[in-house]
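Comments concern the structure below.
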Amino acid sequence: MRRPPQIPGGESGRSRVGLVAMLLVLAGLYAFPSFVQSPYALHIMILLFLGTIMGESWNIIGGYTGQYSVGHAAYFGAGAYGTMILLQKWEIAPWKGVFAGIAAALVLSLVIGSICFRLRGPYFVLASIAVAEIVRLTALNLPNVTNGAEGILMSDLPPLSIGGRVVTDFVSKVPYYYIGLTLALFTILVTWLVQHSKLGYCFQAIREDQDAAHSLGINLSLYKNCALGISATLTSLAGSFYAIYIKFIDPTTVLALDLSVQIVLIAIIGGIGTIFGPVVGSLVLVPLAEALRSNIVAQWLINSGLVREDSGLGVFLKENLAHAHVLIYGILVVVVILFMPEGVLGYVRKLSARKKG
Amino acid sequence: MALLEIKNVSKFFGGLAANSDVSFSMDEGMIMGLIGPNGAGKTTLFNCITGYYPPSRGEIVFAGRRMNGLQPDRVCKLGMARTWQKVRPLAKLSVLDNVMVGALCRTNSLSQAQELAMEQIRVVKLDHKTAFPAGGLTIGERKKLEVARVLATQPKLLLLDEVMGGLNPAESEEIIRLILAIKQKGVTQMVIEHDMKAIMRISDRIVVLNSGEKLAEGTPEEIVANPEVVTAYLGSD
Ligand SMILES: Nc1ncnc2c1ncn2[C@@H]1O[C@H](COP(=O)(O)OP(=O)(O)O)[C@@H](O)[C@H]1O
Ligand SMILES: [Mg+2]
Chain A
-12 MRRPPQIPGG ESGRSRVGLV AMLLVLAGLY AFPSFVQSPY ALHIMILLFL
38 GTIMGESWNI IGGYTGQYSV GHAAYFGAGA YGTMILLQKW EIAPWKGVFA
88 GIAAALVLSL VIGSICFRLR GPYFVLASIA VAEIVRLTAL NLPNVTNGAE
138 GILMSDLPPL SIGGRVVTDF VSKVPYYYIG LTLALFTILV TWLVQHSKLG
188 YCFQAIREDQ DAAHSLGINL SLYKNCALGI SATLTSLAGS FYAIYIKFID
238 PTTVLALDLS VQIVLIAIIG GIGTIFGPVV GSLVLVPLAE ALRSNIVAQW
288 LINSGLVRED SGLGVFLKEN LAHAHVLIYG ILVVVVILFM PEGVLGYVRK
338 LSARKKG
Chain B
131 MALLEIKNVS KFFGGLAANS DVSFSMDEGM IMGLIGPNGA GKTTLFNCIT
181 GYYPPSRGEI VFAGRRMNGL QPDRVCKLGM ARTWQKVRPL AKLSVLDNVM
231 VGALCRTNSL SQAQELAMEQ IRVVKLDHKT AFPAGGLTIG ERKKLEVARV
281 LATQPKLLLL DEVMGGLNPA ESEEIIRLIL AIKQKGVTQM VIEHDMKAIM
331 RISDRIVVLN SGEKLAEGTP EEIVANPEVV TAYLGSD
């Protein structure tokens, strides 16, 4: 007698509930701009999408394949610069320029992969940082191409027209909302496809034990480069999207180590190697970054009476908390690593499993 | 023609000769026992054969093909697969997924890989643990998983590195039966084992390594009767 093989995690009842919930969330996201007109709310949603795209992208190489790249700003920058340079210099529309960004990111990923994948563990991490810094310094010192430290300001975004009909002229945030949503869903779909294919098995085998994977017939450099290529492509999409949305890029925003670290944090805090971890990570980190940037936290501490505004501490917080995001991220990472090694998503799953069991 | 020929293989780590001028050959379908005291160079020989290290000298010929310089993944694809003395489960993956990784060596289809994997999981009798994460298995189960995973790559030659190490007698007996069943299917095997009784029982021929050198080779009867082996190895153990 043959027992039907169990598919891990494939309990059909639970997955049906999940499917319904997912459809509801999708419908809500689709309808959101019809109910909420606030540009700020749309802005936050767009940042959430951007965070998700970046986190999912990194997750492919970091979460599934276990290669902790802390140089993903290089691919983000490749997308941002590729799109922006073509638009500003040759008036090539961003939806074509995106592909130039992807091509640049892919070439870069092949170069970086061939250098860094010779190394393992912490050496790989350091090499990925170093190579991304080289990319940043190159961009900084090629003013003819990248406009150097001054950056590139977008002067004019042509309306998107399909077959002569104008689809959108990009005056409001709504078109960006839908582009962001589409890209975020696309990266989630790619992740799902990877996880449910031979690629996903090979990636995870490499993550769990590289030598064992190698001895089981997995070509390490082929699959590592493949993971990095997918990851770089998706990250460059995030960069292109960022460039056309913010309309200004320079090396310190789109190529900086800061950005590389943020990308990693989204995935780690959410839960690496899972499809929805980066979504959760984005939901945690984006509002936090926004609250810190707009000084909500300091204001809240003062308004609640915990800290007096004219006291030394109040002045200090108001002036410095907005710049303390790196410190706060650091604390957050320590907390997550100590108390939720599987990320927020893994932690929640464990809690709910404990309740059931 | 021999399936595997080891020709004058040496492996040096700095000044240490972990393998020194080792030669022997294996016919298809046989079980070759590989014995020797700790540090004799048995695992190193496996590492050289399967492409984990390049041998410093000598030649490895498998099915008429020179294997020197091939990477472990190519070696596995060509039909030689090994288990690890210190087991290497893919800890976060389920038992099924672990074995599927092996099966994916031969197919790109997940459903086919799953079928192949289930077959091997049944062979090693781990089917009650299919969905269990490999990191949570007992040592006995891990050893079985190691065997199932490597069988799923459908090797012509299987190299087993101390798969009975750390097991209780009942578990060891299960593994012995498993090795004999694998032989029945026509898979050639090289088996490193410390348990003398077990190795004498399953092996068609035995090679004895000592300090990296081949001390003796012969049938189990010849090996137990060899005075050099008795003094150098069996006597002192
Ligand atoms: N990677 C290595 N680097 C240096 N020395 C090694 C390495 N691998 C094995 N050795 C040495 O080679 C000798 C043989 O080891 P090994 O092949 O593991 O023996 P066995 O498997 O027979 O117990 C030992 O002295 C061991 O310390
Ligand atoms: Mg050994």
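In the order they appear, the protein sequences are chains A and B. For what it's worth, the numbering used here labels the leading residue of the first sequence as -12, then goes sequentially. For what it's worth, the numbering used here labels the leading residue of the second sequence as 131, then goes sequentially. Note that beta-carbon positions come from the ideal geometry of N, C-alpha and C, so glycine has one too.
Check	Outcome
Extent of the continuous alpha helix (DSSP H) to which THR173(B) belongs	172 to 179
Contacts around VAL248(A), its chain only, beta-carbon distance under 7 Å, and the 5 residues preceding and following it disregarded	VAL57
Under 8 Å by beta carbon: chain B residues contacting ASP156(A)	Neighbours of ASP156(A) on chain B: none; closest Cβ ~45 Å, over 8 Å.
Counted within 10 angstroms of its Cβ, other Cβ atoms place ASP291(B) as buried (16 or more) or exposed	buried
At least 3 beta-carbon pairs within less than 8 Å: the region 305 to 322 of chain B vs the region 232 to 246 of chain B	no
Residues that MET156(B) bridges to, as DSSP identifies them	LEU134(B)
Residues of the region 204 to 223 of chain A with Cβ closer than 8 Å to any Cβ of chain B, in chain order	GLY204, ILE205, ASN206, LEU207
Selection of the region 172 to 188 of chain A by Cβ proximity to chain B, strictly under 8 Å	HIS183, SER184, LYS185, TYR188
Exposure label - TRP45(A); buried when at least 16 CB within 10 Å	buried
8 Å Cβ cutoff, ASN238(B) in contact with chain A	yes
Rounded C-alpha distance that separates GLY342(B) from ALA147(B)	6 Å
is_contact[GLN249(A), chain B] using C-beta, thresh 8 Å	no
MET289(B) Cβ short of 7 Å to ligand 1 heavy atom set	In the sequence as presented, Met is not what sits at residue 289(B); that position holds Leu. Not so, every heavy atom of ligand 1 lies at least 7 Å from the Cβ.
Proximal residues to LYS337(A) (C-beta, below 8 Å), its chain only, five neighbours per side dropped	GLU329
Segments assigned alpha helix (DSSP H), at least 4 residues, entirely inside the region 154 to 227 of chain A	161 to 182, 185 to 195, 197 to 202
Neighbour-count burial assignment, ILE336(B), 16 or more Cβ in a 10 Å radius	buried
Residue environment, GLY351(A), which counts as buried when at least 16 other CB atoms sit within 10 Å	Since the first residue shown for chain A is -12 and the last is 344, residue 351(A) is missing from the structure and cannot be characterised.
Alpha-carbon to alpha-carbon, GLN201(B) and ILE205(A)	10 Å
The region 99 to 116 of chain A touching the region 73 to 86 of chain A, judged by at least three CB pairs closer than 8 Å	no
VAL280(B) to TYR182(B) span [Cα, whole Å]	16 Å
LEU287(B), DSSP secondary structure in three states	strand
Under 7 Å by beta carbon: chain A residues contacting MET202(B)	It should be pointed out that residue 202(B) corresponds to Pro in this sequence rather than to Met. Going along chain A in sequence order, the residues near PRO202(B) (Cβ under 7 Å) are HIS201, SER202.
Identity of the residues DSSP links to GLU347(B) by a beta bridge	VAL337(B)
Chain-order list of residues whose beta-carbon lies under 6 Å from that of ALA285(A) (same chain, five-residue window excluded)	LEU304, LYS305, LEU308
Residue closest to ALA136(A), alpha-carbon to alpha-carbon, out of SER202(A), PRO238(A), TYR232(A), ALA61(A)	PRO238(A)
Delimiting residues of the alpha helix (DSSP H) encompassing ILE111(A)	Correcting the residue identity first, residue 111(A) is Phe in this sequence and not Ile. It spans 108 to 127 - the alpha helix (DSSP H) in which PHE111(A) sits, taken as one unbroken run.
C-beta atoms of SER223(A) and TYR51(A) nearer than 8 Å	no
Residues whose Cβ lies closer than 5 Å to any heavy atom of ligand 1, in chain order	PHE143(B), ALA148(B), ASN168(B), GLY169(B), ALA170(B), GLY171(B), LYS172(B), THR173(B), THR174(B)
Bridge partners - ILE322(B), DSSP secondary structure assignment	LEU164(B), ASP291(B)
For GLU78(A), the three-state DSSP class (helix, strand or coil)	coil
Contacting positions in the region 284 to 312 of chain A - beta carbon closer than 9 Å to chain B	none
6 Å CB neighbourhood of PRO145(A) in its chain, flanking five on each side removed	ALA80
Contact test: GLN111(B) Cβ vs ligand 2 heavy atom, cutoff 7 Å	In the structure as shown, chain B begins at 131 and stops at 367. Residue 111(B) is therefore absent and cannot be evaluated.
Chain B contact for GLN191(A) (CB, 8 Å cutoff)	yes
Heavy atom of ligand 2 within 7 Å of GLN215(B) beta-carbon	yes
Residue span of the alpha helix (DSSP H) that contains PHE36(A), given as start and end	26 to 45
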